[in-house]
Every structure is written in C-alpha cells, then in structure tokens.
Amino acid sequence: MSIELLVNSASPEVRVALLEDGVLQELFIERRGKRGLVGNIYKGRILRVLPGMQAAFVDLGLERSAFLHASDITSPALADIGVPDDATPLAGIDDSPETPIDRLVRQGEELLVQIIKDPIGTKGARITTRLSIPSCHAVFLPGFPMIGVSRRIEDEDERRRLHDIVHALIGGAPIRAGSTDEAANTREDFALDRAGPGRSDSPSIAAPDKGSGSEDKGPQVKEGWILRTAAEGRSAEVIEADMQFLRRLTQAITAESEACRAPALVHRDLPLVVRILRERSGVAIERVRIDSAAAFAEAIDFCDRFLPETSPRIERHRCKSPIFDLHSVEEEIRKALQPRVPLKSGGSIVIEETEALVAIDVNSGSFVGHRNPEETAFKTNIEAAHAIARQLRLRNLAGIIVVDFIDMQRDEHRQGLLQTLEKALGKDRSRVRIGDISALGLVEMARERTRNSLRRTLFDDCPHCLGSGALPSTESLCHAIVRDILRDARQFDSEGLLVVASSEIGRRLVEDEYEIFSELEALIGKSIGIRIEEGYARERYDIVPL
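Taking this note's numbering, the leading residue of the sequence shown gets 2, the next gets one more, and so forth.
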C-alpha cells in the first residue's frame, strides 16, 4: 500500500490530505488563529470543584473553561495519552479506587495541564495533569514510571532490544557515542520553542515482552517512556538523543510554568504539517507534495533534522492546477459532506450526525445480485463495512456510533461481518471499540474523539432551521398565522391587522387561503391585510396591529 500526503497551504487555511493507493482516507484542516489545541500545555486555575461529577472546571484563558475529571488526575488516563494497559511498570502505580475530586484539587489552585480533547460544540476542552511529550522516536511521560513499546513493532527480539536500551538509559547507564550530544543539541535548537506534546501512536502501542526483564521493578525514577514505531531499528545513540531532548524540553516547560501566572499557555504544539510528519514518522510515506514555499521549507527543515530518510520524498508542487485536483481530492471532500454514500453494488449508506450519536443506515438499494436475500444482505453489509471504516476516518466521526446493518439470520454471516469491520478499522489511528450485533441488526461502536468532525469544521448551523435540517411547511406556517391572528385580535384594540410575510407564504395566503381569511375577518370583526416583504426569510412573518 502506497501512502501519499498532499499539502494545500497556499491560503490561510492549511489542508493535508492522506491518500492510500491514490484514495483519500483522511483530511486534516487548520486555520490561522484557530489551530487545534490538543497537545498544548497550560498553567490553569481551578474555578469550580464538583464532587457530584468527580470533576473540576479549570480556567486556561480560553473561551470556555476546561473539564478535568478525577480519573485524569489520579490515574494515568491510559486511553487518552496512548499508554498501553499492560505496559511494564518501573515503580508502583496506585490502582486504588478513584479518590474524591475534592481531595485532589481545590478552588483557586494552580496546576499544569495538557489538552487531550479539543473544545467541541458547547463543551470546553478536556484536560489531564498527566503530561505526554513526544518526539519522533519516543514519548516522555514525566511522573509516570513505565516502559512501553509500539505494538506495530512485532519482532520480539527488537522489542526486547528497545526495552533494554531504555531500561539502561533511565537506570543511569548512558550509552556513549560521539554524535549523541550533537544530535540532542540539534533537536533542542529546533524545537524547544516550537516542538510540543501530542498524541503518541496510541492505537498501536503495547508493552514489551515480560521476558525482557519486566518482572524487575527497575530503577525508582518518576519518568516513563514509550518507544514509537519509528524507533524500530534505530541505534541506542539515536534513542538516547531523543530522550535527552525530551528531558530538556520538559525542563523548559517546567521553568516556563514556574515563571508565569495562571491562566497561561506554557507550550504550543507543532504546526499541522510538521506535526503530521512527526506522528506518521513510523509509517512508510512514499511521497509528500506541498504547494506552498513556506510550508515546503518548514517540512524540509524538520525532516532534515529529525527524519532524514523522509526529506528526499518531499516535493514542491509547481503545477498551475490546484494540488487538490490530484486524485480528485476536492471532489472527494465534497462527497464526504453529503449524507448518502453510494456503494458499487447499488446499495448505499446514509450517515447522520446528531448531538448524541452518529447514526449510519445500510440500504441494499437496487442491488439484487443474489436470489437468496440472505446472501444479498451479507454482500451488501460487507461492502458497507469497508465504506463505513473509510468514512469514519475521512469525516472524523467520533463518540457513539450506531450502524443499522441489513438483517442477517446466519451466525457465520454475522460473525463474518464483525470480523470484516474490525479488520477494516485496523488502519484507524483513533481507538475504536466495537460491540456485538444486536438482535435487531445494530452494531454499536465508540470512536475516540479529539477534534471536530469534518462537517462541524467546515459548516455552521443553518440560521433558519438552527441545524435541524428541516423547516416548517408552508401549510404549517399559514395555520400558525391564523392562530396568531386569533390571539392578537383579542389582545389588541385595533381596527385591523396586517400580516407581513415572505413572498412564498404571502402568495399562499392570497391565492390558496383567501376563503379562510374572509371567514376569519368575519369572526374577529376586523380587516386583515397581507403585505409581502421580499427580504424576509421563508419562515418569518409578523402580525402588526393597525
């Protein structure tokens, strides 16, 4: 499978398209002044402590207060920072029941936190006190003693080698090499003011094999490390340089936090393009094409210092045609904003985002490829499973997701569908949990949410329907006007009433509801006039006493 990145950075909006075998799979968008907050580190002040919710609200200086749950203080928040549940501990970790929030923090207290979920809708950012600071090859977890190795590194000997390297380095046995200090200084010079924390390759991290010395409690130090996929095959000197850099970066963050008063931004993550290069450093990217000279220079600078094997694959797009015209990316984005996704067999899936969940309906449509309805349902469902996995990534749909597959009776078909769905979701870097198929053919999933969906990023709610996607019918509006006339006729001592309405509603009143209005005038004993206001929205009307 070939992976390509297309970077459209020639406008205030930066867009990065990730293609697999020429097909758009993911889209990342960042706008000037509206950069994502995930990975940023702030010094915050506790505004309110809510024992009933086991949570606190923290002022970070943002538009809305951030949400801090007790589990993000007392536990490592493994799911959020990407630490494996079975990672090797280096010292005792408190597994006791959750401590009451009012025993952990108090109102007015200042503390250092990291954003793990962007603000979404009316909700503020979610934060944790467990910092997670990444480089290309490692993730530093200050205060959380453990060692983890990316699950994508499957060779047991390599996993053991990497584990032993880190174990030796944190145990006070540095590996000497002439280039180590130089490499560390290079990283420090480039990134102390720019490189920042972010999410490790969390869906692909696992603990090292227990045979690699994990039964030894290890040195009693309060730091943890995760070796990322890009660390595979790297020398001990390279890994040590990354670790030294991250330690120095953490020291700089600590010093900055001690020098400022809350609320304050202490550390900002990398810009979008280089952040994606960092996060995908363990993936074999075949080509990176960039249409902006500034973004191209920034990417080359970063890769020359951190990912030298990637630099030759970065190209400047100089064609007159827009870069997103390649592989019809712009057209694919347009399709991703539509609710209906056609399937090659003639069926379709319909995706509906709501405040509570994402609902996906699978329809067979015109597909009648098998005489046996069971086989038709199975084939359509299998095709839909692949399409759903792609759409979740492309649209960045998250939270609770409910899929209504076509009913199937045979157990082997139901199990085959689940296996296909799990395999198709294996490429997703976000954590996804899948439930069994219910008796009604529903599959419930939960996908990790860190940023807004594509639709929420690009669209605003309609000011007329307020995001509901529906408006009152003309007939309903006319009946509402009649009811309002009856009410206003009793409330106001006037000779008549004037209905001011949009052109569509006004014509309907004049042409189709004339007899009703004649009867209404006789009933209330007042004249009723109608005036069309071209500037009115379809559903707007006013009733004015005369």
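Note that CB positions come from ideal geometry on N, CA and C, so glycine has one too. Given the structure is predicted, the values throughout are model-derived calculations rather than measurements.
DSSP three-state assignment for P13, whether helix, strand or coil: Here P13 sits in coil by DSSP.
Quick check on the DSSP output: what are the complete alpha helix (DSSP H) runs of length 4 or more inside the region 220-284, in order along the chain? Segments of the alpha helix (DSSP H) lying fully in the region 220-284: 237-260 and 273-280.
C-alpha gap between R488 and I352, whole angstroms: Rounded to whole angstroms, R488 to I352 spans 42 angstroms at the Cα level.
Flag this pair as yes or no: are the beta carbons of V15 and I4 separated by less than 9 angstroms? V15 places its beta carbon 9 angstroms or farther from that of I4.
Cβ neighbours of I301 in the same chain (closer than 8 angstroms, five flanking residues each side left out): Only residues of its own chain outside the window of five on either side were considered, and among them S312 and I315 have a CB closer than 8 angstroms to the CB of I301, listed in chain order.
Per the DSSP calculation, E534 is bridged to which residue(s)? Per DSSP, none; premise fails for E534.
Using the C-alpha atoms, what's the distance from L344 back to L327? Taking the straight line joining both Cα atoms gives about 23 angstroms.
Do V404 and I383 have their beta-carbon atoms positioned less than 9 angstroms apart in this structure? Their beta carbons are not under 9 angstroms apart, which means I383 does not touch V404 by this criterion.
Measuring CB atoms only, is the region 528-542 touching the region 497-512, in the sense that at least three cross pairs come out at less than 8 angstroms? Verdict: yes, contact present.
The alpha helix (DSSP H) enclosing R319, as first and last residue numbers: Segment: none, R319 is in no alpha helix (DSSP H) and carries neither H nor E.
So, helix, strand or coil for V39, using DSSP? It is coil, neither helix nor strand.
If you run the structure through DSSP and keep just helix, strand and coil, what is P546? The answer is strand: DSSP assigns P546 an E or B state.
What's the C-alpha gap between A126 and V274? Taking the straight line joining both Cα atoms gives about 22 angstroms.
By DSSP's criteria, L20 is part of a beta bridge. Which residues make up the other side? DSSP, once it has assigned bridges, lists E5 and L25 as partnering L20.
Applying the 10 Å Cβ sphere with the 16-neighbour rule, what's the burial state of D462? It is exposed - the Cβ of D462 has fewer than 16 other Cβ atoms within 10 Å.
What whole-angstrom Cβ distance do L142 and E241 have, given they're in contact under 8 angstroms? Not confirmed; about 17 angstroms, so no contact.
Mark Q115 as exposed unless 16 or more other C-beta atoms lie within 10 angstroms of its C-beta, in which case mark it buried. Buried: at least 16 other Cβ atoms inside 10 Å.
Between the CA atoms of L338 and R456 - distance to the nearest angstrom: C-alpha separation (whole angstroms): 6 angstroms.
Residue interval of the alpha helix (DSSP H) (run including G417): Counting along the chain, the alpha helix (DSSP H) containing G417 begins and ends at D412 to A425.
Delimiting residues of the beta strand (DSSP E) encompassing V511: Annotation: V511 is outside any beta strand (DSSP E); the continuous alpha helix (DSSP H) that includes it extends over S504 to E512.
Can you tell me whether F303 is buried or exposed? The criterion is at least 16 other CB atoms within 10 Å of its CB, across all chains shown. With 16 or more Cβ atoms within 10 Å of its Cβ, F303 is classed as buried.
According to DSSP, which residues form a beta bridge with L69? A57.
In the structure shown, what three-state DSSP assignment does D489 receive? It is helical.
Since L419 contacts I435 with CB under 8 angstroms, what's their CB separation in whole angstroms? Contact annotation, L419 with I435: C-beta distance approximately 7 angstroms; criterion of less than 8 angstroms satisfied.
Identity of the residue in V59, F297, I42 and D73 nearest K124 by Cα: If we check each option's Cα against that of K124, V59 comes out closest.
Quick one: Cα of E238 to Cα of V284, how far? Distance between the alpha carbons of E238 and V284 is about 21 angstroms.
S365 (DSSP reduced to helix, strand or coil): Three-state DSSP puts S365 in coil, outside helix and strand.
Host beta strand (DSSP E) of T129 (start-end): Segment R127 to T129, the beta strand (DSSP E) holding T129.
Have a look at P272, D429, G37 and E540 and flag the residue whose alpha-carbon is nearest the alpha-carbon of A481. Minimum Cα distance to A481 is reached at E540.
I'd like the span of the beta strand (DSSP E) that includes P343, first residue to last. Note, P343: beta strand (DSSP E), R341 to P343.
Span of the alpha helix (DSSP H), counted from its first residue to its last, around D165: In the DSSP assignment, D165 falls within the alpha helix (DSSP H) that extends over E157 to I171.
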